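A short write-up of the structure that comes next.
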Amino acid sequence: MIPLALVAMGEVLAERAGVVNIGLEGILLISAFTGTVGAFSFHNAWVGMLIGTLTGLLIGYIHGVISLYLKGDQIISGVAINLFAMGFVAFGIIVVWGVHGAFNLPLEDSLKGWTVLLPPATAGGDQRFVGKISVLLPFTFLMAGFIWWVLEKTAFGLRVKAVGENPEAADVAGIRVERVRLIAVLIGAALGGLAGAYLSVDWNGMITKDISAGRGFIALATVVFSKLNPLLTLLGAFVFGLFDNVGLWLSTNAWANRIGLNYFIRMLPYVVTLLVVAGVIGRARFPKAIGQPYRRE
Amino acid sequence: MSASMSAPKTRRLGNVLGLLRPLFDVLTAIVVGLAVGALLMWWFGYDPWKAYAALFRGAFGDKWGRADTLFAAAPLVLTGLTFAIGVRAGLFNIGAQGQMLMGALAAVAVGILPLPPVVHQTVTLGAAMLAGALWGLPAAYLKATRGVHEVISTIMLNWVARWLALYLAVRLLSDPNRAEKTVSVLASTRFSVVIPGSDLTHVVWISVLFALFIYWVLWHTPAGYGLRCTGLNQDASRYAGINPGKSVNLAFILGGMAAGLAGASQIVGRPPLYGMYTDLSTLANLGFDGIAVALLGRNHPIGAIFGALFFGALNTGTHMMQYQALVPLEMVRVVQGVIVLAVAVPELSKIFRVWSLFKGHQTVKK
Amino acid sequence: MSTPTQGNVPLLEARAIDKVYPDGTVALEGVDFTVLTGEVHGLLGENGAGKTTLTKILSGLLAQTSGQVFWRGQAANFKTPLDALRQGIGMVHQHFALVNPFTALENIALGQEGGNGLSSVDHGKIEQRLRRVMVEGGLDAPLDVPVELLPVGVQQRIEILKLLYRDVKLLILDEPTAVLTPQEADDLFVALRKFKDTGKTIVFITHKLREVLELTDKITVLRRGKQEGSVVTSSVDSKQLATLMVGHEVIPGVERSQTQVGKVVLSVKDLEVKNDLNDMAVRKLSFEVRQGEIFGIAGVEGNGQTELGEAISGLRAWEGGRVQLDGRPEEQLDPQSIYAQGLAHIPEDRRRVGMVLEFSVMENSILGLQSSPRFRGAFGRLDWNKVRKNAAELIEQFDVKAQGLNTVVSSLSGGNQQKLVVGRELGKNPKFILAAQPTRGLDIGATQYIRDLLMALRGEGIAILLISAELDEIFQLADRVGVIYEGQFMGVYPTEALNRERIGLLMGGMESEVGQTV
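Protein chains in written order, with our numbering: chain V, 426 to 722; chain R, -8 to 357; chain E, 344 to 861.
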């Protein structure tokens, strides 16, 4: 749930500013990789997390420059990042460690050893129902609250919303549209990078070439599901993660297995998102200027 | 030569060059992609020249290489068309992956029915096209009635398709003897191999024919005219009496048909399996790669053919690159990614000032 | 009535302002404009006069090509609207710059939040100050409702409050009553008078004579980019203003052949059409156009003629009334069937509506005709050979200068583009032509060509509805004129019965003594 929530809330900020980042999947993947490299090389998991975050920041910057300043298409830029990531990570694993497809971090380099043991088993979206919570979990909650506070209570948040809704009006009010958008994208991408590093350095303690497993796209769905409200992304991430795990668990259950229930359960989050987007379940209101580069007349 | 005589000539030259501009953008993007790839390879201690040479040899060097290139390109033409047609109508249909899966499933299902040979192939392909088109329709409907952005709806549909396909492949269509694959389709619906020893079957013609068909529809029918018009200028389209909703629907239908065909091609045109693995591995990434192909082909059906050939070559030659230059397979994805990123930048060649080299004359501007 | 101004200190002075656009259009030429502190100054003119351009320069949105602007006696060079705002000049545009889901408070606070980005927005403090401004200015508005839910008049008040909050000294309003009900307009005037009492200076752009006479101390009239005069309001009457506004050239005697006016082709009865803001733009309009006549609709833009044209040609739905073409009622929103009934439409905006700029000449030649059996081939395909033949004849006949049929239309000049559109529309062999601003933006040669063409068509018995902001064109071409103002006809007259002064009065909303409707 953690990586999903982090990515989703970051993207909420970016989309409120009017920028769509389809390349989240790629950011997750690449940051997971660079985070692992960092943790391994410096024998320090925290360094790995930092490097992962910075990677996200860098990729976000590239996406931002292409979409905002070069006025390229945001969707295509995102797709390109994903393509690049798939190849780069698989290639990187081979090149750095000489193994194919996956690499395990030594335990002391990962954050797995940092998890706190709690008496009652608290999943937090973890696939193995073992009682542990990552350090990042409270951080995730705090971050959601922080982003909400920024959006609703600060001047910057006001500008973000203005820029996403009516960039002309913001321009007239003296706000630098591209700059605000870029900052929002950078924050979102940095959170994505952090989430990616978490995936490898913390949760799994290893890097595989497809560790992101479509979470970047699920995050896009989560963003819609949460109606662009950062607090609700926590709920959305939880729901999506829940369905995923229920499905996984069901696949081991004989009865459910016979009728193939787990497939349909895992399908459910996407169907629900479709319904949300269609306005059947609540109405998600997207900023009016989303996805369009701003050109001053 | 008097000024008045040379002016029309330079204008004509300007026009021809104007048409060539998109080609320059694409070529610049390819060069940038290959350059970045070379840089990475060199950084990690590989020999880029050896690698690219091996790549080229692997893709085009011998007849098996060429066959494999074509084999790889065939489905990409189709998934590329899905995206390209959408763009022509002014929308982003990235649902090729899901529509393709549905087409593949339909092909398997129909492929095991007892029917006479040619009829069987026709019916199989038709069913696949239908399945693909139907899978695209929810997105079209949601866009028309609720204004849902098709990027989101098609991505969601892709995921639903994935789980649905897994279910159907594992539960209903799996081979009783070998659980890792579905049943194979009957011989009456299979396409025969073109070059013995390769995987290339005659289904590749279907790709080309369909691309030509799409070209014909878009540029030689009133409906296609309406579709292109809608994509370029909604106001003028309404003025012309064109119904934008109909154009959008047409785009989704044609795109779904293309993707469905792509899925079918991987069933009836893929020896020796003639089915699919229940983990859907033979169909992985074809949808997404189609987007890259379309972009490279500038969203034109003929361009898609060339784009698919290029990507097919990349995907094929990479094995030789690994074998001879020891460069990991995945490097090719890196190159592809950078190329697409470069293509995303509008008027790329202008940025690199390549264009200005050819624009020496002053075009007469009114 | 206006009150005397205080002092003779010019607050804002513009000297010899020129504005020439890159494509050569001259928007302003040698314009002088002086505003004294504390006065309400009206800027009067018809379409294309340059009023909006001038105020955009004064408020920092545009830069002048030459000439100097002085603010409070010192040379000023505003690079951005924010620049001008900081100096004390603010403008309320016709299209509001409001963020819809924001409340009034948030809209006003935007850009003024104080402190750096991460500081919280102190709603309390902002509201306090805002309420003070509201009391001072005598304007009221709900502060915590999303502005999109508020009526247009209130939205405008919020736009004004935005400027007052920022302590502007000079307030520029661009056609503010265009979007207001009469009641809201009165409220606005009350507020403006109150501003004046508190020492603010106001520039009021309008084309409505009654308003400018009622509200202002001084009036500057612009016409075709030049300043025609700057007068004290109390010393002029509406006739003089009208003449300044539209000029007093003698209309050249137009030789118009007497045509046989035939039966009614277009019949419009009590038509009601809403505009994009959901206001009624056309209010129960009725008129007829017969074979062999040109019916001109004159008026300053924004008085409903655009919506009227769109409704008749099937591009906009109408709320009430009836439109009949060639005896049969028109289907709403169905251009194809309307074309089949014999209508041809030369649209106002040829670049956005009349053509697809990325298409070639040949492809544009069948825009609207793409499904016609004339161009069908086997298998239901589009037969480009037939299209090519038709297009070649078209460009030959209508003198469209293009390098070839495959030339992309965006590279054609405006005149050639319009000739292509006109030729295409006439190729439909229409019974009725709707020509909306047909010569806008064209050079003299193309303009004359099209006007001659319309006259010739009139001679052939085609019914023509000409909507034009160009008075010369109306006088040259129309047999009868309806002057549209605020969605209704001020009157319908035979062209001979009008002169510039009269038509100026009508366009400005004043009744003329010649009140004969034809």
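Backbone N, C-alpha and C define an ideal beta-carbon position, used for all residues, glycine too. Please read these numbers as outputs of a predicted model, since none were measured by experiment.
Per-residue DSSP class, three states only, for residue i
i	result
R/Ile85	coil
V/Pro712	coil
V/Gly538	Because the pLDDT of V/Gly538 is 48, which lies under 50, any placement of that residue in the model is unreliable, and the number read from its coordinates should be weighed accordingly. Helix.
V/Thr677	coil
E/Ala434	Checking the displayed sequence, the identity of residue 434 of chain E turns out to be Met instead of Ala. Reduced to three states, the DSSP call for E/Met434 is strand.
V/Leu543	Low confidence applies to V/Leu543: its pLDDT is 41, below 50, so where it sits in the model is not reliable enough to give any reading.
V/Ala515	helix
E/His466	helix
E/Lys394	helix
E/Gly864	The structure shown does not extend to residue 864 of chain E, since chain E spans only 344 to 861, so no value can be given for it.
R/Tyr268	strand
V/Phe554	Residue placement at V/Phe554 is flagged as unreliable, the pLDDT there being 39, under the threshold of 50; the coordinate-derived value follows with that caveat. Of the three classes helix, strand and coil, the one that applies to V/Phe554 here is coil, per DSSP.
E/Thr602	coil
E/Trp414	strand
E/Phe702	coil
R/Asp38	coil
E/Pro353	strand
E/Gln746	coil
E/Phe775	strand
E/Asp361	strand
R/Gln315	helix
E/Lys399	helix
E/Glu372	strand
E/Ala624	strand
V/Phe654	For clarity, residue 654 of chain V is Asn in the given sequence; the question names Phe instead. Three-state DSSP puts V/Asn654 in coil, outside helix and strand.
V/Gly549	Here the model assigns V/Gly549 a pLDDT of 46, short of 50, so the residue's position is not dependable, and the following value carries that caveat. V/Gly549: coil per DSSP, three-state reduction.
V/Gly523	coil
Presumed contact (8 Å Cβ cut-off) between residue i and residue j, rounded CB distance
i	j	result
R/Pro292	R/Tyr230	The Cβ separation is near 27 Å, so there is no contact.
E/Ala641	E/Met853	Actually they are not in contact, since the Cβ atoms of E/Ala641 and E/Met853 sit about 14 Å apart, beyond 8 Å.
E/Arg566	E/Ala440	Actually they are not in contact, since the Cβ atoms of E/Arg566 and E/Ala440 sit about 29 Å apart, beyond 8 Å.
V/Ala569	V/Thr658	6 Å
E/Ile876	E/Gly639	In this structure chain E extends from 344 to 861, so residue 876 of chain E is not present and cannot be described.
E/Gly779	E/Glu691	Checking the displayed sequence, the identity of residue 779 of chain E turns out to be Ala instead of Gly. At roughly 4 Å, the Cβ-Cβ gap stays under 8 Å, so E/Ala779 and E/Glu691 are in contact.
R/Gly236	R/Gly81	At roughly 12 Å, the Cβ-Cβ gap does not stay under 8 Å, so R/Gly236 and R/Gly81 are not in contact.
R/Lys68	R/Ile296	The sequence shown places Val at residue 68 of chain R, rather than the Lys named in the question. Indeed they touch by this definition, with Cβ atoms about 6 Å apart.
E/Leu614	E/Ala660	Not really, about 11 Å apart at Cβ, beyond 8 Å.
E/Ile776	E/Ala687	5 Å
Beta-carbon neighbours of residue i, restricted to chain A and to distances below 8 Å
i	result
V/Glu593	Any reference to chain A falls outside this structure, whose protein chains are V, R and E.
Can you list, in chain order, the residues of the segment 506 to 518 of chain V whose Cβ is nearer than 7 Å to any Cβ on chain E?
none
Taking only beta carbons into account, state which residues of the segment 178 to 212 of chain R come closer than 7 Å to chain E, listed in chain order.
His211, Thr212
Segment contact flag, the segment 687 to 700 of chain V with the segment 144 to 160 of chain R, C-beta cutoff 8 Å, min 3 pairs:
yes
What residue ranges within the segment 585 to 648 of chain V form continuous beta strand (DSSP E) runs of no fewer than 3 residues, ordered along the chain?
631 to 633
In chain order, what are the residue ranges of uninterrupted beta strand (DSSP E) at least 3 long that sit wholly in the segment 490 to 576 of chain E?
513 to 517, 544 to 549, 561 to 566, 569 to 575
Sufficient close CB pairs (3 or more, under 8 Å) joining the segment 448 to 456 of chain V to the segment 656 to 667 of chain V:
no
Quick one: complete alpha helix (DSSP H) runs, 4+ long, within the segment 783 to 853 of chain E?
As for any alpha helix (DSSP H) of minimum length 4 sitting wholly inside the segment 783 to 853 of chain E, the runs are 787 to 802, 814 to 820, 843 to 850, ordered along the chain.
Any contact between the segment 130 to 141 of chain R and the segment 153 to 167 of chain R? By contact I mean 3 or more CB pairs, one from each, below 8 Å.
no
Would you mind listing the alpha helix (DSSP H) stretches within the segment 169 to 251 of chain R that are 4+ residues and don't spill past its ends, in chain order?
194 to 211, 213 to 223, 225 to 230
Identify each residue in the segment 682 to 693 of chain V for which the Cβ-Cβ distance to at least one residue of chain E is less than 7 Å, and report them in chain order.
none
Select from the segment 137 to 152 of chain R all residues with a C-beta closer than 7 Å to any C-beta belonging to chain V, and list them in chain order.
Sequence-ordered contacts of the segment 137 to 152 of chain R with chain V read Arg137, Val139, Val142, Ile143, Ser144, Ile146, Met147, Trp150, Val151 [C-beta pairs closer than 7 Å].
Is the segment 748 to 763 of chain E touching the segment 671 to 683 of chain E in the sense that three or more CB pairs, one from each, lie closer than 8 Å?
The segment 748 to 763 of chain E and the segment 671 to 683 of chain E do not touch, with fewer than three beta-carbon pairs separated by less than 8 Å.
Along the segment 321 to 334 of chain R, where does the CB come closer than 9 Å to a CB of chain V? Name the residues.
Glu321, Met322, Val323, Arg324, Val325, Val326, Gln327, Gly328, Val329, Ile330, Val331, Leu332, Ala333, Val334
Any alpha helix (DSSP H) of 4 or more consecutive residues that is wholly inside the segment 88 to 155 of chain R:
108 to 137
Chain R contacts made by the segment 473 to 500 of chain V, where a contact means CB separation under 7 Å:
Ile491, Leu495, Lys496, Gly497, Asp498, Ile500
Anything in the segment 152 to 170 of chain R with a Cβ closer than 8 Å to a Cβ of chain V? List those residues in chain order, please.
Trp154, Leu155, Leu157, Tyr158, Val161, Arg162
Selection of the segment 76 to 87 of chain R by Cβ proximity to chain E, strictly under 7 Å
For the segment 76 to 87 of chain R, which is checked against every Cβ of chain E, not one residue is closer than 7 Å.
Three or more C-beta pairs below 8 Å linking the segment 489 to 503 of chain V and the segment 293 to 313 of chain R:
Fewer than three beta-carbon pairs drawn from the segment 489 to 503 of chain V and the segment 293 to 313 of chain R are found closer than 8 Å, and the two stretches are therefore not classed as touching.
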